[in-house]
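Here is the structure we will look at.
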Ligand SMILES: Cc1cc2nc3c(=O)[nH]c(=O)nc-3n(C[C@H](O)[C@H](O)[C@H](O)COP(=O)(O)OP(=O)(O)OC[C@H]3O[C@@H](n4cnc5c(N)ncnc54)[C@H](O)[C@@H]3O)c2cc1C
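Residue numbers (this note's numbering): 33 to 227.
Laid out in structure tokens, this is it:
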């Protein structure tokens, strides 16, 4: 990831990105224009971006890519070359663990380093969006919405409208997990209220 003219190693900073999505997003929002861009070479997976309407620049060299993005080509080429040269290629890449496959650059990258060297190269602008609000009605373990006297008969909450699950941060997958867990509970009770 390339932010404000400098490399930004979000993975190094947070180590377990699925538990620190919010911190990565905050880093992006603090940049001029609240944006960043990601660079891939042809060996890296870009399927998630392969769809109509996605803005992408493709080029045969990092220098051409830099020119297309309006940044200093020599700076970006030098940064990518340093990253590639410092990557420990003897350790197999394993995205499921902290694999120790490092790139000895500043800031350092201790895991999952993959050289960016095989053209063509792609870059995608990224910014932040709202994936869920996690802010709405308070619910008990069964999704019943209470007032000061206790659960309100026949009123349930689940999914995005359920408040109080997370604050300050959220683990990846918590949106769909809470929809399934509380949706199932609330649905079962609503269908069989005396069961
Ligand atoms: C880009 C993006 C990426 C995400 N990635 C992840 C992820 O990786 N992992 C994760 O866990 N979560 C992720 N989420 C969050 C997750 O998708 C949502 O939290 C989840 O889909 C919300 O489920 P829900 O049932 O509460 O609401 P919804 O899925 O929004 O369902 C509400 C439904 O109600 C319908 N509806 C609205 N009004 C009415 C009406 N008046 N009458 C009848 N029907 C109506 C809507 O059409 C909709 O089908 C992501 C969200 C976004 C936007």
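Heads up, the beta-carbon is just placed ideally off N, CA and C, and yes, glycines get one too. Quick caveat: nothing in here was measured; it's all calculated off a predicted structure.
ask   = Where does residue 68 land, buried or exposed, given buried means 16+ other C-beta within 10 angstroms?
value = A residue is called buried once 16 or more other Cβ atoms fall within 10 Å of its Cβ, and residue 68 is buried on that count.
query = Less than 6 Å between the CB of residue 191 and some heavy atom of ligand 1, yes or no?
reply = Under cutoff, so the answer is yes.
inquiry  = Quick check: the Cα distance between residue 87 and residue 124, rounded to an integer number of angstroms?
reply    = Straight-line measurement puts the Cα of residue 124 at about 32 Å from the Cα of residue 87.
query = Within this structure, are the beta carbons of residue 133 and residue 114 separated by less than 7 Å?
reply = Cβ distance not < 7 Å, so residue 133 and residue 114 don't count as in contact.
inquiry  = Mapping the DSSP letters down to three states, classify residue 210 as helix, strand or coil.
reply    = It is helical.
ask   = Which ranges would you report for the beta strand (DSSP E) in the segment 143-223 if only whole runs of at least 3 residues count?
value = Counting only runs that start and end inside the segment 143-223, the beta strand (DSSP E) elements of at least 3 residues fall at 153-158, 176-179 and 182-188.
query = Beta-carbon separation of residue 108 and residue 94 under 7 Å?
reply = A contact, by the Cβ cut-off of 7 Å.
message = With a threshold of 8 Å, are at least 3 pairs of Cβ atoms found where one atom belongs to the segment 207-222 and the other to the segment 54-73?
response = These segments do not touch.
message = Would residue 56 and residue 148 be called neighbours here (beta carbons separated by less than 7 Å)?
response = Between residue 56 and residue 148, the gap from beta carbon to beta carbon reaches 7 Å or more.
request  = For residue 87, name the three-state secondary structure that DSSP assigns.
outcome  = In the three-state DSSP reduction, residue 87 falls in the coil class, being neither helix nor strand.
inquiry  = Quick check for students: name the residue ranges of the alpha helix (DSSP H) that lie wholly in the segment 91-119, counting only runs of 4 or more.
reply    = The segment 91-119 contains these whole alpha helix (DSSP H) runs: 94-101 and 105-118.
query = residue 170: buried (16+ other C-beta within 10 angstroms of its C-beta) or exposed?
reply = Burial state of residue 170 is exposed, judged by a 10 Å Cβ sphere holding fewer than 16 other Cβ atoms.
query = In terms of alpha-carbon separation, which member of 142, 117 and 162 lies closest to residue 129?
reply = In this structure, 142 is the residue among 142, 117 and 162 with its C-alpha nearest to the C-alpha of residue 129.
key: Cβ-based neighbour list, residue 220, same chain, cut-off 7 Å, excluding 5 preceding and 5 following   = No residues qualify anywhere along the chain.
inquiry  = Taking 8 Å as the limit between beta carbons, can you name the residues of its chain near residue 66, skipping five residues before and five after?
reply    = Answer for residue 66: 60, 159 and 160, listed in chain order.
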